[in-house]
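4 protein chains.
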Amino acid sequence: MPLKDPKLFRSEINQSPFYKTIKMQLDKTEEKGSLLKIKLGRKHHNALGIVHGGVVAALIDSACSMSVIPHLGDDETIVTTELHIQYYLSVASEIIIGRGRVVHHGRRVVYAEAEVFDKEEKIIAKGFASFLIMKKSADKGE
Amino acid sequence: MPLKDPKLFRSEINQSPFYKTIKMQLDKTEEKGSLLKIKLGRKHHNALGIVHGGVVAALIDSACSMSVIPHLGDDETIVTTELHIQYYLSVASEIIIGRGRVVHHGRRVVYAEAEVFDKEEKIIAKGFASFLIMKKSADKGE
Amino acid sequence: MPLKDPKLFRSEINQSPFYKTIKMQLDKTEEKGSLLKIKLGRKHHNALGIVHGGVVAALIDSACSMSVIPHLGDDETIVTTELHIQYYLSVASEIIIGRGRVVHHGRRVVYAEAEVFDKEEKIIAKGFASFLIMKKSADKGE
Amino acid sequence: MPLKDPKLFRSEINQSPFYKTIKMQLDKTEEKGSLLKIKLGRKHHNALGIVHGGVVAALIDSACSMSVIPHLGDDETIVTTELHIQYYLSVASEIIIGRGRVVHHGRRVVYAEAEVFDKEEKIIAKGFASFLIMKKSADKGE
């Protein structure tokens, strides 16, 4: 179901520590998909001076999960079970944009995918995630 | 081939910005495999107060690539083409350890895998990466 | 580049032994994508009487590679390096249709994806493949 | 739990139509892992005269699921949710052997992996599958 207060939700997500750590920002999370970005700088670089693959992985993971959230029931939550990333091009841009969308919403598993673009809208990477749907009330695990 | 000066190499890697950003540290990179760790804290948390999946992805990506480095020739370098992660358990530990190893070393592609453990050596996640081998002298791309 | 004689190409592919073994047929292989189908019967069943996952995997592998072929140069060929499949629904249909398309065409690696539908055009599975581009003249490997 | 009658179980699996279609045979299915093989011939070839990737995928899918079976409860069954295959070498052998084992057995999801060898025990491919655990009595889906 659509989020009751998307603005509040985005604000909470954008306050989360890891989002700040890697300068990631959630811009949209709608039933038709999510939109996030990361402002890149030296802090994202590996020893070769290029953006670490983990940064792109974090963006894809988040773009996928944020596309699933508006499809969940009130007492449902998700845990990522798998994440697969294909790296097409190395990043040469001061910003990367992630767009996620739900591909299949089953009863127990939701599948989403996300594409990462540079600021010229060139595709940099693509990823696919699957999530187990769980009741918030139930205990965690898996 | 084995690294000529593993200590210097580790030191360079550990100075890299993204390693510092997520408190990741390379402890070993030998032909038989790599060993890395991340000291976890609030900065790695998502909005639910649990470790963001991107942190585990970054550790696996690094554990895989650091296991490949000692197998490369002097003028060879690698780019990640794919990364696949299976999340088994959520992290409830102040440290996570990544161990990587090469699974198949072809002429053009190297495949590695890595396991992530908590401090009780319980397996948290497993991942698989593939890398394209490139000449350092040649132009980048892909 | 577009195939010089798509009809002849399809005929050769459709004569290949494994296509006959699993009743797979190539209907289209164009630059914008491929179209294949499998006529299902008892021979595709596992011990539970449902279609074996390997059948869907074979369709996705073929739909991906057949979408790449029209993009290759005259002296280029491909080898599959990775194949990833997400199974959404079990098959309950006497035919499955695979549609593949190229997602990213790099210099050394091509990435394609394919969706599998039942005869009511309901999505059953999705898959992603990567291929190493090789010169036909060069020796094999990898 | 261990299978009550492993010999009967293997016999049933080996009678299943798709196993016969691709000449696959289950030799072992124990708690520590599974062992299967495929006798290769012209019927497994693609148009280039090499073994179709779908054959290796089917072997990995089966080696993974057969390694999970002895770990299930009496009223439990599994459905494959994802399958990922890395192709290391093309097959040049009249037989391929698949060995599967469980990597993580969660409450809702089981993860298994399998390696494919040629008759000289050279590794040809490796794969990873995940399975949703379901009650036999409950309705299907996902």
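Residue numbers (our numbering), protein chains in the order written: chain S, 1 to 142; chain E, 143 to 284; chain B, 285 to 426; chain A, 427 to 568.
Even for Gly, the Cβ is constructed at its ideal location relative to N, Cα and C.
Bear in mind the structure is a predicted one, so any value in this text is a computation, not a measurement.
{"query": "Chain S contact for E:E154 (CB, 9 Å cutoff)", "result": "yes"}
{"query": "Beta-carbon contacts of S:V103 that lie in its chain and below 7 Å, excluding the five residues immediately before and after", "result": "Y111, A112 and E113"}
{"query": "Start-to-end residues for the beta strand (DSSP E) that takes in S:E82", "result": "E76 to Y87"}
{"query": "Short-range partners of chain S found in the stretch 223-237 of chain E, where Cβ spacing is below 7 Å", "result": "T223, E224, L225, H226, I227, Q228, Y229 and S232"}
{"query": "Any non-hydrogen atom of the ligand MG within 8 Å of S:S62 CB", "result": "Of the ligands one can find in the structure shown there are none, so the ligand MG has no counterpart to examine."}
{"query": "Proximity test, Cβ basis, 9 Å: S:D61 and chain E", "result": "yes"}
{"query": "Separation of A:M492 from A:G459, as counted between CA atoms", "result": "8 Å"}
{"query": "Within-9 Å CB hit, E:I164 to chain S", "result": "yes"}
{"query": "C-beta atoms of E:A199 and E:L178 nearer than 9 Å", "result": "no"}
{"query": "Distance between beta carbons of E:A189 and S:S16, contact taken as under 8 Å", "result": "4 Å"}
{"query": "Chain-ordered chain S contacts of A:S556 [CB-CB under 9 Å]", "result": "T81, E82 and S130"}
{"query": "Identity of the residues DSSP links to A:I559 by a beta bridge", "result": "A:I504"}
{"query": "Residues bridged to A:Y537 [DSSP beta-bridge criterion]", "result": "A:H530 and A:S556"}
{"query": "Residue nearest to E:G183 in terms of C-alpha spacing, selected from E:E154, E:D216 and E:I238", "result": "E:I238"}
{"query": "Neighbouring residues, chain S, relative to E:R184 (Cβ below 7 Å)", "result": "P17"}
{"query": "Neighbour flag for E:R250 against chain B, beta carbons, 9 Å", "result": "yes"}
{"query": "Strand pairing of S:K39, partner residues [DSSP]", "result": "S:I95"}
{"query": "Same chain, Cβ closer than 6 Å to B:S346, neighbours up to 5 away in sequence not counted", "result": "L320"}
{"query": "Local Cβ density within 10 Å of E:G196, reported as buried at 16 or more and exposed below that", "result": "buried"}
{"query": "Any C-beta of chain A under 9 Å from that of B:G382", "result": "no"}
{"query": "C-alpha gap between A:E457 and E:E263, whole angstroms", "result": "22 Å"}
{"query": "Three-state secondary structure (DSSP) of E:A189", "result": "coil"}
{"query": "Pairwise C-alpha distance: E:D217 and A:V535", "result": "43 Å"}
{"query": "Cβ-based neighbour list, E:H194, same chain, cut-off 8 Å, excluding 5 preceding and 5 following", "result": "H186, H187 and N188"}
{"query": "Cβ of A:G480 within 9 Å of any chain B Cβ", "result": "yes"}
{"query": "Whole-angstrom distance between E:F151 and B:E399, CA atom to CA atom", "result": "44 Å"}
{"query": "Partner residues on chain E for S:H104, Cβ-Cβ distance less than 8 Å", "result": "Residues of chain E passing the Cβ test: none, with the nearest at roughly 18 Å."}
{"query": "Start-to-end residues for the alpha helix (DSSP H) that takes in S:E12", "result": "P6 to N14"}
{"query": "Residues bridged to B:T313 [DSSP beta-bridge criterion]", "result": "B:S318"}
{"query": "One or two residues paired with A:F444 in a DSSP bridge", "result": "Answer is none; A:F444 lacks a bridge partner."}
{"query": "Chain-ordered chain S contacts of B:I407 [CB-CB under 7 Å]", "result": "H104"}
{"query": "S:K147 burial status per 10 Å Cβ neighbour count (16 or more: buried)", "result": "Chain S is shown from 1 up to 142; residue 147 of chain S falls before or after that span and cannot be answered."}
{"query": "Below-9 Å beta-carbon distance, A:K552 vs any chain E residue", "result": "yes"}
{"query": "8 Å Cβ shell around E:I265 - same chain, five flanking residues per side excluded", "result": "Y230, L231, E257, V258 and F259"}
{"query": "Element boundaries [alpha helix (DSSP H), containing E:I202]", "result": "G195 to V210"}
{"query": "Nonlocal neighbours in the same chain, by C-beta distance under 7 Å from B:I297, ignoring five residues either side", "result": "Y303 and L310"}
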